[in-house]
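**Student:** There's a structure below that I have some questions on.
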Amino acid sequence: VQTTLAELASLVGGSILRGDPGQGLSGFAAIEESSAGDVTFFGNERYLNALKMSEAGAALVPAGFPGDAVANIPSLIEVDNPSSAFAAVVKRFGIQPAQFHAGVHPSAVIDPTAQLDPAQVSVGANVVVEAGAVIGAGTTVGAGCVVGEDVRIGSDCLLHPNVTVCRRCILGDRVILQSGCVIGSDGFGYEPDAQGMFHKIPQVGIVQLDDDVEIGANATIDRARFGRTWIRQGVKIDNLCQVAHNCVIGENSALAAQVGVAGSARLGRNVMAGGQAGINGHVRIGDRVVVMGQAGATKDIDRPGYYHGFPAIPRREALRREALVNRLGEFVKRLRALEQKIENLEGGGSP
Amino acid sequence: VQTTLAELASLVGGSILRGDPGQGLSGFAAIEESSAGDVTFFGNERYLNALKMSEAGAALVPAGFPGDAVANIPSLIEVDNPSSAFAAVVKRFGIQPAQFHAGVHPSAVIDPTAQLDPAQVSVGANVVVEAGAVIGAGTTVGAGCVVGEDVRIGSDCLLHPNVTVCRRCILGDRVILQSGCVIGSDGFGYEPDAQGMFHKIPQVGIVQLDDDVEIGANATIDRARFGRTWIRQGVKIDNLCQVAHNCVIGENSALAAQVGVAGSARLGRNVMAGGQAGINGHVRIGDRVVVMGQAGATKDIDRPGYYHGFPAIPRREALRREALVNRLGEFVKRLRALEQKIENLEGGGSP
Amino acid sequence: VQTTLAELASLVGGSILRGDPGQGLSGFAAIEESSAGDVTFFGNERYLNALKMSEAGAALVPAGFPGDAVANIPSLIEVDNPSSAFAAVVKRFGIQPAQFHAGVHPSAVIDPTAQLDPAQVSVGANVVVEAGAVIGAGTTVGAGCVVGEDVRIGSDCLLHPNVTVCRRCILGDRVILQSGCVIGSDGFGYEPDAQGMFHKIPQVGIVQLDDDVEIGANATIDRARFGRTWIRQGVKIDNLCQVAHNCVIGENSALAAQVGVAGSARLGRNVMAGGQAGINGHVRIGDRVVVMGQAGATKDIDRPGYYHGFPAIPRREALRREALVNRLGEFVKRLRALEQKIENLEGGGSP
Chain A
259 VQTTLAELAS LVGGSILRGD PGQGLSGFAA IEESSAGDVT FFGNERYLNA
309 LKMSEAGAAL VPAGFPGDAV ANIPSLIEVD NPSSAFAAVV KRFGIQPAQF
359 HAGVHPSAVI DPTAQLDPAQ VSVGANVVVE AGAVIGAGTT VGAGCVVGED
409 VRIGSDCLLH PNVTVCRRCI LGDRVILQSG CVIGSDGFGY EPDAQGMFHK
459 IPQVGIVQLD DDVEIGANAT IDRARFGRTW IRQGVKIDNL CQVAHNCVIG
509 ENSALAAQVG VAGSARLGRN VMAGGQAGIN GHVRIGDRVV VMGQAGATKD
559 IDRPGYYHGF PAIPRREALR REALVNRLGE FVKRLRALEQ KIENLEGGGS
609 P
Chain B
259 VQTTLAELAS LVGGSILRGD PGQGLSGFAA IEESSAGDVT FFGNERYLNA
309 LKMSEAGAAL VPAGFPGDAV ANIPSLIEVD NPSSAFAAVV KRFGIQPAQF
359 HAGVHPSAVI DPTAQLDPAQ VSVGANVVVE AGAVIGAGTT VGAGCVVGED
409 VRIGSDCLLH PNVTVCRRCI LGDRVILQSG CVIGSDGFGY EPDAQGMFHK
459 IPQVGIVQLD DDVEIGANAT IDRARFGRTW IRQGVKIDNL CQVAHNCVIG
509 ENSALAAQVG VAGSARLGRN VMAGGQAGIN GHVRIGDRVV VMGQAGATKD
559 IDRPGYYHGF PAIPRREALR REALVNRLGE FVKRLRALEQ KIENLEGGGS
609 P
Chain C
259 VQTTLAELAS LVGGSILRGD PGQGLSGFAA IEESSAGDVT FFGNERYLNA
309 LKMSEAGAAL VPAGFPGDAV ANIPSLIEVD NPSSAFAAVV KRFGIQPAQF
359 HAGVHPSAVI DPTAQLDPAQ VSVGANVVVE AGAVIGAGTT VGAGCVVGED
409 VRIGSDCLLH PNVTVCRRCI LGDRVILQSG CVIGSDGFGY EPDAQGMFHK
459 IPQVGIVQLD DDVEIGANAT IDRARFGRTW IRQGVKIDNL CQVAHNCVIG
509 ENSALAAQVG VAGSARLGRN VMAGGQAGIN GHVRIGDRVV VMGQAGATKD
559 IDRPGYYHGF PAIPRREALR REALVNRLGE FVKRLRALEQ KIENLEGGGS
609 P
């Protein structure tokens, strides 16, 4: 970055609250890692103290920000949304994401029956594309990926290295798969016999990932027992999540890291689940429900809102319950005091 | 599928409760995804309402099912176990699992000291088989797998793509490894010094997977510090589970997704653990114990039964405790009422 | 192993508490797996009963151990730390860890702009090293690994098979990566629009792993949104852990399996987190804090000590609360008794 405060203000559509428009800036960084040549941003009240101690040369701040509180920062630019304004800075001056370069690396093993246009796809080293697979234009398949038999991948997808897409699964357009994720592993289905031995139930369905889905590193999406496990448009699933067979995840839902969704659960649109939350098998979660981190949704949840704990209950109820549990010691003291008083009363008022 | 109701009834050993034996059926699907040409099945009371609204042409139902409740379904076949009957339908008419094709893909890198019979094993593209490894007849090693030094794999195993089996681990017969799982990573063992630095304790044992074990996608099974981490016959372990060094998992136990079993824990036979459950290090879990989802078994559990919560306690106790906590608000009200009454009594009966 | 009791005592710097110095020993094993020719060790009080039933020929025991309690064990050697003494036995007599063999396997795909000295590194079969990557002397890159563009790996590192290190990430010296882990996947960052659709925020930072870090199998460390996700010197992270974008993990901290650390959290030095624990985004955890297994640190924690439950609170408080909840049934009985007594008092002492 070699720019000035004035250029930055123009780039982010903000106004200079303080500082010399000609001030030179040569980098960008988080509040605590910034030094004199850097611009940073203030997007979260938690970081006010950090900003007061920051050595940044300039900061992007929200409208109405009290600039006097951070006399240590030479220059301030006021913007509507400091976080997205900063994203614009990063996009403009930061290191660029990997560029698309069409071509198939000579070490890739492409089955002759696979359909892909070498002039329009980018296939990395040691990739394996099996029989009947189809890969759309503009799609990148990173080094070491395995694309199974009859898999269909749309256009402009990005498979990071070492991804596995198992046979017959279907990806829409602009799907992003982070490294190590597995699409289409077998669902966990067994029939126990009288001796307790498990006999595998064939899992002959598929996984369908609709347009604009992103799946995190080492996440796993199981294929359906039959039919499909269906991740609908715009869903974002973080690292190490598990989505079991026959689940449906509604449009624009987001699952944070290490969430588990058990078999045949159905999530509505814009559902969110915090890190390590669990959703029980066959449960239905309505639109705009938020299951908080580490909570466990054991039953259907219809009404939008925040749900906490195990079993997951509405936030208000959970907080009330937690407050009551916190006061248990006090209640026991009051109980003891009453017992003493009653004893006194029963004893005829003995001291 | 091109079949008739009568043929279906015969295939599943059921009897036609309602419908035209000559009715044509051309597919199978889940209750909510079925249309007129499909057969579906009713295996879980939760889905009664869904069945009442289904457009399926026929359904497999359990004995005694009240057919009048689903007048929308033209045909019903009564069977003992609708779920396994449906599995038979899927097996007969569904897309078949990948077939075994013997041969070693030319891109596979097989150490000359490895022992495998190219006419009897199926080794995919870009597989690596290191020195001294042994692979039995009928075994499939999917694309991108790495089979480490001196690994021994039995007969009729199925390694899905991108599996890693680390050096010296041992697999029995008919073992299934889903994509991305890691067998034989180092156990998490360190000796801290006085400064708090950790010094690695060599992990020189192995993992042994007995016959008929299945390990889920991206699950990890650590090698023993010495001796073996032992997954016994018929155990099924779901995606993203962690089994730490020196654990023993008894015959026909099943761990649902994201379960963690800490070091040296020993599970008996037919143990089950629900999704995201945790089992503490060095703990012993007896035969037929069920640790529920998200529960944490912090101590030994001997008696069969269901265990809930953290720390995990018997279901009956957990439910009683939960009910009491739910009534805390009521208890506090009663406490307050008593305090008022006592005050009145103490005050000499003032109103 | 072919050794004698006397040689063993000398190797571990211990003294023979009981037994024939010339006794031959031919193996080592865990207490419960030992037979007559084996030496074992007693490092945990939990195993006293197991030791009483063990068939081991000799045991390493701590100073002051009451030898009479285990008359079944022919020989005992007293040492300061039986566990580390046993590690010395394993190191001396056990199967050796894989040896370093310099060279690049012919099937590896090394970009011509990558910098590595084939005489000083060990690169396995089907490895991919992309443009601009640098690999230091003494480093092993296992089969199937992908080392992305401009990655810098120090000296004497060990990458087990099928690891992915994404572009521009930086590893120090002596870093160990277990199989399947992913270093540098994109952080989970999106900006939702008014319609609830998520727009990806570019993640253009890196992951930096300092010297002596070890990352477990299938663990995931996300790259920073900008700047770096920083795993500092000597940190040990177990299998299936998730560390989100922009986190900092302080020196010599240790995260057990399946721990999740959300975005921008900062952990101090010598922090420990038990299995399946979660740490919330933007939270600060002070030096020497221990977050117990399955606990959830939702807020900053400053003081060293043990923290339990969700939300995580100091151990003492958590135990007190748990004890109170356990006694709820008793409290309700006492409440009921009081209500009865009051009724009697109010009723004028009616029987």
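Chains as they are written, first to last, in the numbering used here: chain A, 259 to 609; chain B, 259 to 609; chain C, 259 to 609. Virtual Cβ for every residue (Gly too), placed ideally from N, Cα, C.
#1: Around the Cβ of GLU588/B, are there at least 16 other Cβ atoms within 10 angstroms (buried) or fewer (exposed)?
#2: Taking just the CA atoms, how far does ASN538/A sit from ASP560/A?
#3: How close, in whole Å, do the beta carbons of ASN476/C and GLY438/A come, if the pair is a contact with beta carbons under 8 Å?
#4: Does LYS494/B have its Cβ less than 9 Å from a Cβ in chain A?
#5: Decide if ASP496/B is buried, meaning its Cβ has at least 16 other Cβ atoms within 10 Å, or exposed.
#6: In whole angstroms, what separates the C-alpha of ALA576/C from that of LEU582/C?
#7: Specify whether the region 516-529 of chain B and the region 540-548 of chain B touch according to this definition: at least 3 beta carbon pairs, one from each stretch, less than 8 Å apart.
#8: Check this for me: beta carbons of ALA491/A and ASP468/A, under 9 Å apart or not?
#9: Which partner residues of GLN500/B appear in the DSSP bridge assignment?
#10: Span of the beta strand (DSSP E) holding GLU575/B?
#11: Taking all protein chains shown into account, decide if SER608/B is buried (16 or more other Cβ within 10 angstroms of its Cβ) or exposed.
#12: Can you list, in chain order, the stretches of the beta strand (DSSP E) that have 3 or more residues and sit fully within the region 440-480 of chain C?
#13: Measure from the C-beta of GLY551/C to each C-beta in chain B and report whether the shortest distance is under 9 Å.
#14: Using a Cβ-Cβ cutoff of 9 Å, what residues of the region 298-309 of chain B are near chain A? List them in chain order.
#15: What residues from chain A crowd round ALA520/C, counting only those whose CB sits closer than 7 Å?
#16: Roughly how many whole angstroms lie between the Cα atoms of PHE446/B and MET455/B?
#17: Listed in chain order, which residues of the region 280-293 of chain B have Cβ atoms closer than 8 Å to some Cβ of chain A?
#18: Which partner residues of VAL337/A appear in the DSSP bridge assignment?
#19: Tell me, which residues are paired with THR298/C by DSSP?
#20: Could one say the Cβ of SER608/C lies closer than 9 Å to chain A's Cβ atoms, at least one of them?
#21: With 16 other CB atoms within 10 Å as the buried threshold, where does GLN534/B fall?
#22: Would you call PHE351/A buried or exposed, if buried means 16 or more other Cβ atoms sit within 10 Å of its Cβ?
#23: Pull up the distance between the alpha-carbon of THR397/A and that of CYS415/A, whole angstroms please.
#24: Are at least three pairs of beta-carbons, each pair with one atom in the region 401-416 of chain A and one in the region 369-381 of chain C, less than 8 Å apart?
#25: Output needed in chain order: residues of the region 417-435 of chain C with a Cβ under 8 Å from some Cβ in chain A.
#26: With a threshold of 9 Å between beta carbons, is SER341/B in contact with chain C?
#27: Please list the terminal residues of the continuous beta strand (DSSP E) segment that includes VAL270/B.
#28: Which residue's Cα is closest to the Cα of VAL421/B: VAL405/B, SER413/B, CYS427/B and ILE428/B?
#29: Quick one: is ASP326/C buried, meaning 16 or more other Cβ sit within 10 Å of its Cβ, or exposed?
#30: Tell me the rounded alpha-carbon separation between ASP558/A and ARG542/A.
#31: Should LEU593/C be flagged as near chain B, meaning a C-beta pair shorter than 9 Å?
#32: Please name the residue in GLY430/B, ASP296/B, GLU313/B and ALA288/B whose C-alpha comes closest to that of ASN302/B.
#33: Which partner residues does LYS494/C have in the DSSP bridge list?
#34: Determine the DSSP secondary structure at GLY563/B, reduced to helix, strand or coil.
#35: Which term fits THR298/C, buried or exposed, when burial requires 16 or more other beta carbons within 10 angstroms of its beta carbon?
#36: Would you call PRO340/B buried or exposed, if buried means 16 or more other Cβ atoms sit within 10 Å of its Cβ?
**Tutor:** According to the structure data:
#1: exposed
#2: 15 Å
#3: 7 Å
#4: yes
#5: buried
#6: 10 Å
#7: yes
#8: In the sequence as presented, Ala is not what sits at residue 491/A; that position holds Gln. The answer is yes: Cβ separation under 9 Å.
#9: THR478/B and GLY518/B
#10: Element bounds for GLU575/B: not the beta strand (DSSP E) but the alpha helix (DSSP H), 573-584.
#11: For SER608/B, the predicted model reports a pLDDT of 44, less than 50, meaning its position is unreliable; a value from the coordinates is still stated below. SER608/B is exposed by the Cβ-count criterion.
#12: 440-443, 448-450, 456-458, 464-467 and 478-480
#13: yes
#14: ASN302, ARG304 and TYR305
#15: Neighbourhood of ALA520/C in chain A, by CB distance below 7 Å: GLY533, in chain order.
#16: 14 Å
#17: When C-beta distances to chain A are compared with 8 Å, the residues of the region 280-293 of chain B below that value are PHE286, ALA287, ALA288 and GLU291, in chain order.
#18: PRO320/A
#19: Bridge partners of THR298/C according to DSSP: ALA317/C.
#20: In this prediction, SER608/C scores a pLDDT of 45, lower than 50, which makes its location untrustworthy; no coordinate-derived value is stated.
#21: buried
#22: buried
#23: 4 Å
#24: no
#25: ASN420, THR422, CYS424, ARG425 and ARG426
#26: No, because no Cβ of chain C sits closer than 9 Å to the Cβ of SER341/B.
#27: No beta strand (DSSP E) contains VAL270/B, which is instead part of the alpha helix (DSSP H) from 263-270.
#28: Nearest option by C-alpha distance: VAL405/B.
#29: exposed
#30: Those two C-alpha atoms are separated by around 5 Å.
#31: Interface criterion met: the Cβ of LEU593/C is under 9 Å from a Cβ in chain B.
#32: ALA288/B
#33: GLU472/C and ALA512/C
#34: Strand at GLY563/B.
#35: Counting Cβ neighbours within 10 Å, THR298/C comes out buried, since at least 16 surround it.
#36: buried
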